[in-house]
Amino acid sequence: MSDKPKVAFYWCASCGGCEETVIDLDEKILDVVAAVDIVFWPCAMDMKYSDLKAMDDGEITVSFINGAVRTSEQEHIAKLLRRKSATVIAFGSCAVMGGIPALANLKNKKDIFERAYLDSPTNVNPGGVVPQEESEVDGYKLTLPEFFDTVYKLDDVIDVDYYMPGCPPTPENLANAVQSALEGFLPAKGSVLLPDKSLCVSCDRNESKPDDITISQVYRLTEVQADPEKCFLAQGIICMGPATRDGCDYPCIKGNMPCTGCFGPVSEADQGARMIASIGGIINAEKEGDIADVVNNIPDPAGTFYRYSLSSSILGNQRKEK
Ligand code: SF4
Ligand code: SF4
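For the sequence shown, the numbering used here gives the first residue as 108, with consecutive numbering after it.
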C-alpha cells in the first residue's frame, strides 16, 4: 500500500467551478498526482461513500471541501470527511462564506419550493408536487436528503482548519496550499491562505484613482463605455475592490469588468458594510436627496454588496418570514 499523503476533494452546494480549479492545474496536476494519493474525489473518480467510511480516522492528510451546506447529505459527508482528515480546508467562497447559494437565505425553504416547483412560469406541475424526503412509488420507498431551511457555510457544521476563498480559487492558490500542506508550512489554524490586504492595493488602476474621488451617480456596466485604464469607482461603476481580499491577480479588472467581490473581505471586516462605507464616503452630495438618488440607483444592494459573503456577514442568515 502506498505511503504517500492522502488528499480528498468534495463538493457540497456549489456550481462545480472549484473542481474546475483542480483541472486547471494543467500539467501541475501531474506533480500533485505524483506526490499524493487522491483517495476521495466523487466528481472525477468512481468512489463510494462506503470507501470513505472504511478509512481510519485522520487517515486523509488534507481534504478540500467546496460548496455551502444545504442538505443533510452534504452535512453528513462533511462531518465524515472531518473525522477522516487531519486537515480540512474550506475551499472556495461558498464553503468559506456561503457564496452565491447563501443569497437564498434572503428567502426560506417554503418560498424557494413554491417558486421552483409551483409558480415558475416554465413549470408544468398540475399535481402541485414538491420534493418529499420520503415517498412511495410502485410499492417502493424512495428517500431524498433533507433540504435545510438555511444555507450554511462549512464552519457552521464542522471545525475548519484553513480557508481559501475565491469563486473559484485560482489554480496557483490551490497549488501553493497543497505544497504548504505537504511540506508542513501551513500558518496558524484558522488562517485564510491568502494575503490580508484589499484588492485595490494590487490593482494597476489604483494609480488612476484621484485622491479626492467623488461620484454623483452610479452606473450599471451596460449604461456606459468603461474606460479600460481608469479605476471603475472613479467612473461611477461599483467595483468591490476596496472591500475585497487580494489574491486573484484581478482577472476581471484586466478584462474591463469591475470586481464583484468573490474573494470575500479581509480579516475582521464585513464586506458589504465596508463597501457601503467606501461608497458613502465618495458620494458628491450638494443638496438634500443627493445621497438617496445615488443609493437608490444601486441595483440589488444585497446581491451587490453580499454576493458571496451573506452567511458570514453581519446580516447573517436573516430572511423574510412570511
Ligand atoms: S476600485 Fe476596483 S478598479 Fe478601482 S483600484 Fe480598486 S480594484 Fe481597481
Ligand atoms: S477581481 Fe474580484 S470578482 Fe474578479 S476574481 Fe478577483 S476577487 Fe473575484
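Beta carbons: idealized from backbone N, C-alpha and C, even for Gly. Fair warning: this is a prediction, and the values are worked out from it, not measured in the lab.
- Distance from the CA of residue 172 to the CA of residue 333, rounded to the nearest whole angstrom, comes to 37 Å.
- Residues 273, 277, 370 of the same chain have their beta carbon placed closer than 7 Å to that of residue 355, with the five preceding and five following residues left out of the count.
- Here DSSP, grouped into helix, strand and coil, assigns residue 401 to helix.
- Taking 8 Å as the cut-off, the Cβ atoms of residue 418 and residue 216 do not count as close.
- Judged by beta-carbon spacing, residue 178 lies within the 8 Å limit of residue 253, meaning their Cβ atoms are closer than that value.
- Distances between the C-beta of residue 411 and the heavy atoms of ligand 2 are all 7 Å or more.
- Boundaries of the alpha helix (DSSP H) harbouring residue 381: 378 to 387, taken from the DSSP string.
- In this structure, the C-beta of residue 201 stays at least 7 Å away from each heavy atom of ligand 2.
- Among the bridge pairs identified by DSSP, residue 144 is matched with 113.
- Between residue 120 and residue 258, the CB-CB gap stays under 8 Å.
- The bridge partners DSSP lists for residue 241 are 250.
- Of all residues, those with a beta-carbon under 5 Å from at least one heavy atom of ligand 1 are 306, 307, 310, 312, 313, 338, 339, 340, 346, 348, reported in chain order.
- Remark: C-beta atoms of residue 229 and residue 241 do not approach each other more closely than 8 Å.
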